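In the working numbering, the protein residues as written are -16 to 357.
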(Lines of atoms letter the chains of each structure in order from A and count residues from 1; the text may use other names and numbers.)
(Lines give C-alpha, C1' and ligand atoms only; values in the text may rest on other atoms or scores of the structure.)
Protein backbone atom coordinates (compact mmCIF):
# COMPACT_ATOMS: atom_id res chain seq x y z
CA UNK A 1 0.00 0.00 0.00
CA UNK A 2 2.80 2.43 0.89
CA UNK A 3 4.65 1.63 -2.33
CA UNK A 4 1.47 2.18 -4.36
CA UNK A 5 0.90 5.54 -2.68
CA UNK A 6 4.49 6.49 -3.41
CA UNK A 7 4.07 5.56 -7.08
CA UNK A 8 0.93 7.71 -7.31
CA UNK A 9 2.73 10.64 -5.69
CA UNK A 10 5.67 10.27 -8.08
CA UNK A 11 3.30 10.25 -11.05
CA UNK A 12 1.59 13.39 -9.84
CA UNK A 13 4.85 15.21 -9.32
CA UNK A 14 6.10 14.22 -12.77
CA UNK A 15 2.90 15.54 -14.36
CA UNK A 16 3.08 18.69 -12.23
CA UNK A 17 -0.67 18.69 -11.68
CA UNK A 18 -3.29 17.28 -9.37
CA UNK A 19 -5.83 15.10 -11.17
CA UNK A 20 -8.66 15.77 -8.71
CA UNK A 21 -10.54 19.03 -9.50
CA UNK A 22 -11.50 19.30 -5.85
CA UNK A 23 -8.04 18.51 -4.50
CA UNK A 24 -4.97 20.50 -3.67
CA UNK A 25 -5.23 22.78 -6.73
CA UNK A 26 -8.58 24.12 -5.57
CA UNK A 27 -7.48 24.36 -1.93
CA UNK A 28 -4.35 26.37 -2.73
CA UNK A 29 -6.23 28.73 -5.02
CA UNK A 30 -8.84 29.29 -2.30
CA UNK A 31 -6.04 30.26 0.11
CA UNK A 32 -4.46 32.63 -2.43
CA UNK A 33 -7.80 34.27 -3.25
CA UNK A 34 -8.76 34.48 0.41
CA UNK A 35 -5.44 36.15 1.22
CA UNK A 36 -6.02 38.83 -1.39
CA UNK A 37 -9.47 39.83 -0.09
CA UNK A 38 -8.45 41.56 3.19
CA UNK A 39 -5.49 43.25 1.51
CA UNK A 40 -7.66 44.63 -1.29
CA UNK A 41 -10.40 45.72 1.12
CA UNK A 42 -7.94 47.53 3.35
CA UNK A 43 -6.34 49.11 0.29
CA UNK A 44 -9.70 50.46 -0.93
CA UNK A 45 -10.87 51.56 2.54
CA UNK A 46 -7.71 53.48 3.43
CA UNK A 47 -7.96 57.19 2.66
CA UNK A 48 -4.24 57.80 3.06
CA UNK A 49 -2.83 57.43 -0.46
CA UNK A 50 0.73 57.43 0.85
CA UNK A 51 0.16 54.03 2.55
CA UNK A 52 -0.47 51.40 -0.12
CA UNK A 53 -1.00 47.71 0.66
CA UNK A 54 -1.55 46.28 -2.79
CA UNK A 55 2.21 45.77 -3.49
CA UNK A 56 2.18 43.14 -0.73
CA UNK A 57 0.28 40.84 -3.09
CA UNK A 58 3.42 40.15 -5.10
CA UNK A 59 4.55 37.84 -2.26
CA UNK A 60 1.53 35.50 -2.48
CA UNK A 61 2.80 33.21 -5.32
CA UNK A 62 5.71 32.17 -3.06
CA UNK A 63 3.33 29.93 -1.08
CA UNK A 64 2.14 27.68 -3.96
CA UNK A 65 5.70 27.74 -5.33
CA UNK A 66 6.90 26.19 -2.06
CA UNK A 67 4.24 23.49 -1.67
CA UNK A 68 2.28 23.24 -4.90
CA UNK A 69 2.76 22.40 -8.55
CA UNK A 70 3.90 24.56 -11.46
CA UNK A 71 0.30 24.92 -12.67
CA UNK A 72 -0.85 26.10 -9.25
CA UNK A 73 1.97 28.64 -9.14
CA UNK A 74 1.10 29.94 -12.61
CA UNK A 75 -2.55 30.33 -11.56
CA UNK A 76 -1.47 32.24 -8.44
CA UNK A 77 0.85 34.53 -10.42
CA UNK A 78 -1.88 35.25 -13.00
CA UNK A 79 -4.43 35.96 -10.27
CA UNK A 80 -2.08 38.34 -8.43
CA UNK A 81 -1.21 40.21 -11.64
CA UNK A 82 -4.90 40.62 -12.48
CA UNK A 83 -5.76 41.89 -9.00
CA UNK A 84 -2.78 44.27 -8.76
CA UNK A 85 -3.45 45.67 -12.24
CA UNK A 86 -7.16 46.12 -11.51
CA UNK A 87 -6.57 47.85 -8.17
CA UNK A 88 -3.91 50.18 -9.61
CA UNK A 89 -6.15 51.11 -12.57
CA UNK A 90 -9.01 51.88 -10.18
CA UNK A 91 -6.79 53.61 -7.63
CA UNK A 92 -3.42 54.38 -9.17
CA UNK A 93 -0.28 55.28 -7.29
CA UNK A 94 0.72 58.96 -7.20
CA UNK A 95 2.98 58.32 -10.20
CA UNK A 96 2.04 56.17 -13.17
CA UNK A 97 5.72 55.22 -13.28
CA UNK A 98 5.39 53.73 -9.76
CA UNK A 99 2.34 51.72 -10.81
CA UNK A 100 4.23 50.30 -13.77
CA UNK A 101 7.15 49.34 -11.52
CA UNK A 102 4.82 47.42 -9.15
CA UNK A 103 3.22 45.53 -12.04
CA UNK A 104 6.58 44.69 -13.62
CA UNK A 105 8.00 43.65 -10.25
CA UNK A 106 4.97 41.38 -9.68
CA UNK A 107 5.56 39.76 -13.06
CA UNK A 108 9.30 39.27 -12.50
CA UNK A 109 8.85 37.80 -9.01
CA UNK A 110 6.02 35.64 -10.33
CA UNK A 111 8.28 34.25 -13.03
CA UNK A 112 10.93 33.52 -10.42
CA UNK A 113 8.32 31.69 -8.33
CA UNK A 114 7.37 29.53 -11.31
CA UNK A 115 11.02 28.72 -12.01
CA UNK A 116 11.63 27.92 -8.34
CA UNK A 117 8.60 25.63 -8.26
CA UNK A 118 9.80 23.83 -11.39
CA UNK A 119 13.26 23.31 -9.85
CA UNK A 120 11.75 22.09 -6.56
CA UNK A 121 9.54 19.52 -8.29
CA UNK A 122 12.44 18.25 -10.37
CA UNK A 123 14.48 17.87 -7.19
CA UNK A 124 11.62 16.06 -5.45
CA UNK A 125 11.31 13.71 -8.42
CA UNK A 126 15.02 12.88 -8.18
CA UNK A 127 14.75 12.23 -4.45
CA UNK A 128 11.71 10.00 -4.96
CA UNK A 129 13.61 7.97 -7.52
CA UNK A 130 16.54 7.60 -5.12
CA UNK A 131 14.17 6.48 -2.36
CA UNK A 132 12.49 4.03 -4.75
CA UNK A 133 15.88 2.56 -5.57
CA UNK A 134 16.78 2.31 -1.89
CA UNK A 135 13.42 0.68 -1.11
CA UNK A 136 13.95 -1.89 -3.88
CA UNK A 137 17.44 -2.53 -2.52
CA UNK A 138 16.06 -3.03 0.98
CA UNK A 139 13.43 -5.50 -0.28
CA UNK A 140 16.18 -7.50 -1.98
CA UNK A 141 18.34 -7.45 1.15
CA UNK A 142 15.86 -7.95 3.96
CA UNK A 143 12.64 -9.88 3.86
CA UNK A 144 9.65 -8.09 5.40
CA UNK A 145 8.66 -9.19 8.88
CA UNK A 146 6.93 -11.14 10.38
CA UNK A 147 8.22 -14.51 9.10
CA UNK A 148 6.64 -17.87 9.97
CA UNK A 149 8.39 -21.25 9.83
CA UNK A 150 7.51 -24.70 11.20
CA UNK A 151 9.26 -23.89 14.48
CA UNK A 152 9.11 -20.12 14.86
CA UNK A 153 7.31 -16.82 14.55
CA UNK A 154 9.86 -14.07 13.87
CA UNK A 155 8.99 -10.39 14.10
CA UNK A 156 11.11 -7.34 14.65
CA UNK A 157 11.96 -3.74 13.88
CA UNK A 158 14.50 -2.21 11.53
CA UNK A 159 15.35 1.49 11.84
CA UNK A 160 18.49 2.54 9.94
CA UNK A 161 20.10 5.69 11.29
CA UNK A 162 20.11 7.11 7.73
CA UNK A 163 16.33 7.00 7.45
CA UNK A 164 16.29 8.60 4.01
CA UNK A 165 18.33 5.68 2.65
CA UNK A 166 16.06 2.96 4.11
CA UNK A 167 19.04 0.61 4.40
CA UNK A 168 21.76 0.35 6.99
CA UNK A 169 24.51 -1.87 8.34
CA UNK A 170 22.27 -4.20 10.34
CA UNK A 171 21.09 -7.39 8.61
CA UNK A 172 18.92 -10.38 9.45
CA UNK A 173 17.67 -13.48 7.70
CA UNK A 174 15.53 -16.52 8.50
CA UNK A 175 15.84 -19.70 6.41
CA UNK A 176 13.72 -22.84 6.79
CA UNK A 177 16.24 -25.57 5.95
CA UNK A 178 16.24 -29.40 6.05
CA UNK A 179 18.13 -29.07 9.35
CA UNK A 180 15.65 -26.74 11.04
CA UNK A 181 15.27 -22.97 11.02
CA UNK A 182 18.52 -21.05 10.65
CA UNK A 183 18.67 -17.42 11.76
CA UNK A 184 21.27 -14.78 11.06
CA UNK A 185 21.49 -11.51 12.95
CA UNK A 186 24.43 -9.31 12.02
CA UNK A 187 25.86 -5.82 12.20
CA UNK A 188 28.23 -4.74 9.45
CA UNK A 189 30.98 -2.34 10.48
CA UNK A 190 29.90 1.12 9.36
CA UNK A 191 26.50 2.58 8.52
CA UNK A 192 24.30 3.24 5.54
CA UNK A 193 25.03 2.44 1.90
CA UNK A 194 28.82 1.96 2.30
CA UNK A 195 28.13 -1.19 4.34
CA UNK A 196 25.59 -2.63 1.90
CA UNK A 197 28.13 -4.51 -0.24
CA UNK A 198 29.39 -6.53 2.71
CA UNK A 199 25.81 -7.16 3.84
CA UNK A 200 24.84 -8.46 0.38
CA UNK A 201 27.84 -10.80 0.29
CA UNK A 202 27.05 -12.25 3.71
CA UNK A 203 23.30 -12.59 3.13
CA UNK A 204 23.80 -14.38 -0.20
CA UNK A 205 26.22 -16.81 1.39
CA UNK A 206 23.91 -17.45 4.35
CA UNK A 207 20.87 -18.14 2.18
CA UNK A 208 22.78 -20.74 0.22
CA UNK A 209 24.81 -22.33 3.02
CA UNK A 210 21.84 -22.56 5.40
CA UNK A 211 20.20 -24.99 2.99
CA UNK A 212 23.38 -26.92 2.20
CA UNK A 213 25.49 -27.23 5.34
CA UNK A 214 24.34 -29.77 7.96
CA UNK A 215 26.41 -28.24 10.78
CA UNK A 216 26.36 -24.70 12.13
CA UNK A 217 30.15 -24.41 12.20
CA UNK A 218 30.35 -25.22 8.48
CA UNK A 219 27.69 -22.59 7.80
CA UNK A 220 29.69 -20.00 9.78
CA UNK A 221 32.85 -20.95 7.89
CA UNK A 222 31.04 -20.15 4.64
CA UNK A 223 30.01 -16.76 6.02
CA UNK A 224 33.62 -16.09 7.06
CA UNK A 225 34.87 -16.86 3.57
CA UNK A 226 32.17 -14.67 2.00
CA UNK A 227 33.27 -11.67 4.07
CA UNK A 228 36.96 -12.38 3.36
CA UNK A 229 36.31 -12.60 -0.39
CA UNK A 230 34.34 -9.36 -0.32
CA UNK A 231 37.13 -7.63 1.58
CA UNK A 232 39.63 -8.80 -1.04
CA UNK A 233 37.46 -7.26 -3.73
CA UNK A 234 37.11 -4.09 -1.65
CA UNK A 235 40.89 -3.73 -1.50
CA UNK A 236 41.07 -3.88 -5.29
CA UNK A 237 38.47 -1.12 -5.67
CA UNK A 238 39.90 1.10 -2.94
CA UNK A 239 37.04 0.52 -0.52
CA UNK A 240 37.73 -0.11 3.18
CA UNK A 241 37.64 -3.65 4.50
CA UNK A 242 34.85 -4.41 6.94
CA UNK A 243 34.07 -7.01 9.58
CA UNK A 244 30.66 -8.23 10.73
CA UNK A 245 29.50 -9.06 14.23
CA UNK A 246 26.91 -11.81 13.95
CA UNK A 247 24.77 -14.27 15.86
CA UNK A 248 23.83 -17.46 14.00
CA UNK A 249 21.19 -19.81 15.41
CA UNK A 250 19.87 -23.21 14.41
CA UNK A 251 16.50 -24.25 15.83
CA UNK A 252 14.91 -27.63 15.14
CA UNK A 253 12.35 -29.89 16.82
CA UNK A 254 14.62 -30.29 19.83
CA UNK A 255 14.25 -27.92 22.78
CA UNK A 256 18.00 -27.28 22.65
CA UNK A 257 19.10 -24.50 20.32
CA UNK A 258 22.52 -24.16 18.70
CA UNK A 259 24.26 -20.81 18.49
CA UNK A 260 27.56 -19.42 17.23
CA UNK A 261 28.36 -15.95 18.49
CA UNK A 262 30.74 -13.90 16.36
CA UNK A 263 31.22 -10.90 18.61
CA UNK A 264 27.53 -9.99 18.77
CA UNK A 265 25.59 -8.95 21.93
CA UNK A 266 23.96 -12.08 23.44
CA UNK A 267 20.20 -12.49 23.02
CA UNK A 268 17.67 -12.43 25.86
CA UNK A 269 15.42 -15.37 26.65
CA UNK A 270 11.93 -14.53 27.91
CA UNK A 271 9.75 -17.12 29.65
CA UNK A 272 6.80 -16.71 31.97
CA UNK A 273 9.15 -17.11 34.95
CA UNK A 274 12.34 -15.33 33.96
CA UNK A 275 14.14 -12.86 31.72
CA UNK A 276 17.87 -13.34 31.30
CA UNK A 277 20.63 -12.99 28.73
CA UNK A 278 21.59 -16.27 27.09
CA UNK A 279 25.06 -17.45 28.17
CA UNK A 280 26.95 -18.46 25.04
CA UNK A 281 30.43 -18.53 26.53
CA UNK A 282 33.21 -16.33 25.25
CA UNK A 283 32.16 -14.60 22.02
CA UNK A 284 34.19 -15.45 18.97
CA UNK A 285 35.80 -12.87 16.72
CA UNK A 286 33.60 -11.09 14.16
CA UNK A 287 33.24 -12.50 10.66
CA UNK A 288 36.17 -11.50 8.49
CA UNK A 289 38.69 -11.63 11.36
CA UNK A 290 39.06 -15.39 11.95
CA UNK A 291 42.75 -15.29 11.00
CA UNK A 292 43.39 -13.07 14.03
CA UNK A 293 42.15 -15.68 16.50
CA UNK A 294 44.05 -18.89 17.36
CA UNK A 295 40.81 -20.56 18.50
CA UNK A 296 38.16 -21.88 16.10
CA UNK A 297 34.57 -20.83 16.58
CA UNK A 298 32.48 -23.27 18.60
CA UNK A 299 28.80 -24.04 18.96
CA UNK A 300 27.00 -23.23 22.21
CA UNK A 301 23.77 -24.93 23.24
CA UNK A 302 20.98 -23.39 25.29
CA UNK A 303 17.38 -24.35 26.11
CA UNK A 304 14.66 -22.67 24.08
CA UNK A 305 11.37 -24.26 25.20
CA UNK A 306 8.05 -23.95 23.32
CA UNK A 307 6.23 -20.71 24.14
CA UNK A 308 9.44 -18.90 25.07
CA UNK A 309 10.65 -15.77 23.30
CA UNK A 310 14.16 -14.93 22.18
CA UNK A 311 15.09 -11.28 21.59
CA UNK A 312 18.28 -10.30 19.79
CA UNK A 313 19.12 -6.61 19.50
CA UNK A 314 21.86 -4.68 17.78
CA UNK A 315 24.15 -2.39 19.73
CA UNK A 316 21.97 0.46 18.51
CA UNK A 317 19.50 -0.77 21.16
CA UNK A 318 21.81 -2.01 23.91
CA UNK A 319 24.00 1.10 23.70
CA UNK A 320 21.23 3.65 23.12
CA UNK A 321 21.53 6.61 25.48
CA UNK A 322 19.07 9.17 26.74
CA UNK A 323 19.71 12.92 26.74
CA UNK A 324 21.31 12.51 30.18
CA UNK A 325 23.62 9.73 28.97
CA UNK A 326 21.76 6.82 30.61
CA UNK A 327 21.79 3.52 28.70
CA UNK A 328 18.49 2.03 27.63
CA UNK A 329 17.38 -0.43 30.37
CA UNK A 330 16.52 -3.28 28.02
CA UNK A 331 16.41 -6.12 30.56
CA UNK A 332 14.27 -4.08 32.93
CA UNK A 333 11.76 -3.36 30.17
CA UNK A 334 11.66 -6.97 29.00
CA UNK A 335 10.32 -8.07 32.39
CA UNK A 336 7.07 -6.23 31.61
CA UNK A 337 6.66 -7.88 28.18
CA UNK A 338 6.90 -11.59 29.03
CA UNK A 339 3.24 -12.47 28.41
CA UNK A 340 2.50 -10.63 25.18
CA UNK A 341 2.77 -11.55 21.50
CA UNK A 342 5.93 -10.95 19.45
CA UNK A 343 4.40 -8.07 17.48
CA UNK A 344 3.28 -6.43 20.75
CA UNK A 345 6.85 -6.75 22.06
CA UNK A 346 8.09 -5.07 18.88
CA UNK A 347 5.58 -2.22 19.21
CA UNK A 348 6.38 -1.63 22.89
CA UNK A 349 10.13 -1.78 22.28
CA UNK A 350 9.95 0.65 19.36
CA UNK A 351 7.84 3.19 21.23
CA UNK A 352 9.73 2.90 24.52
CA UNK A 353 13.15 3.16 22.89
CA UNK A 354 12.08 6.22 20.89
CA UNK A 355 10.94 7.90 24.11
CA UNK A 356 14.22 7.04 25.83
CA UNK A 357 16.41 8.56 23.13
CA UNK A 358 13.88 11.33 22.36
CA UNK A 359 13.76 10.22 18.75
CA UNK A 360 17.46 10.93 18.04
CA UNK A 361 18.89 7.80 16.42
CA UNK A 362 22.68 7.64 16.53
CA UNK A 363 23.07 4.10 15.17
CA UNK A 364 21.09 1.53 13.21
CA UNK A 365 18.44 0.07 15.51
CA UNK A 366 17.36 -3.50 14.84
CA UNK A 367 15.68 -6.14 16.98
CA UNK A 368 14.40 -9.65 16.21
CA UNK A 369 11.71 -11.18 18.40
CA UNK A 370 11.61 -14.96 17.97
CA UNK A 371 8.72 -16.93 19.52
CA UNK A 372 8.97 -20.71 19.57
CA UNK A 373 5.68 -22.24 18.46
CA UNK A 374 4.06 -24.41 21.12
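By construction, the Cβ of each residue, glycine as well, lies at the ideal position given by its N, Cα and C atoms. Bear in mind that the values here come from a model prediction, so they are computed numbers and not experimental data.
Could you pull out every residue in the same chain whose Cβ sits closer than 6 Å to the Cβ of residue 140, ignoring the five residues on either side in sequence?
329, 333 and 350
By the 10 Å Cβ neighbour count, where 16 or more other Cβ atoms means buried, how is residue 47 classified, buried or exposed?
buried
Contact check, residue 172 vs residue 216 under 8 Å by CB: the rounded distance?
Actually they do not touch by this definition, with Cβ atoms about 16 Å apart.
Between the stretch 280 to 299 and the stretch 245 to 263, can you find at least three pairs of beta-carbon atoms closer than 8 Å?
yes
Segments of 3+ residues assigned as beta strand (DSSP E) that fall wholly inside the stretch 28 to 109
none
Can you pull the DSSP bridge partners for residue 141?
349
From 92, 55 and 50, pick the residue whose C-alpha is nearest to that of residue 38; which is it?
92
Just confirm the distance between the C-beta atoms of residue 270 and residue 244, as a whole number of angstroms; I'd bet it's less than 8 Å.
That belief does not hold up - the Cβ atoms of residue 270 and residue 244 are roughly 11 Å apart, past 8 Å.
When you compare only the Cα positions, how much space is there between residue 348 and residue 18?
46 Å
Got a sec? Which residues, its chain only, sit under 7 Å from residue 193 by beta carbon, not counting five neighbours each side?
158, 160, 165 and 202
What are the boundary residues of the beta strand (DSSP E) that residue 327 is part of?
That residue, residue 327, is in no beta strand (DSSP E); its alpha helix (DSSP H) goes 325 to 339.
Helix, strand or coil for residue 241, going by three-state DSSP, please let me know.
strand
Applying the 10 Å Cβ sphere with the 16-neighbour rule, what's the burial state of residue 137?
buried
Residue 65 to residue 43 span [Cα, whole Å]:
13 Å
Using only alpha-carbon positions, find the residue among 40, 235 and 218 that is nearest to residue 59.
40
Nearest to residue 186 by alpha carbon, out of 302, 229, 338 and 308?
229
Closest to residue 27 by C-alpha separation, out of 76, 57 and 16, would be which residue?
76
Helix, strand or coil, according to DSSP, for residue 181 in the structure here?
helix
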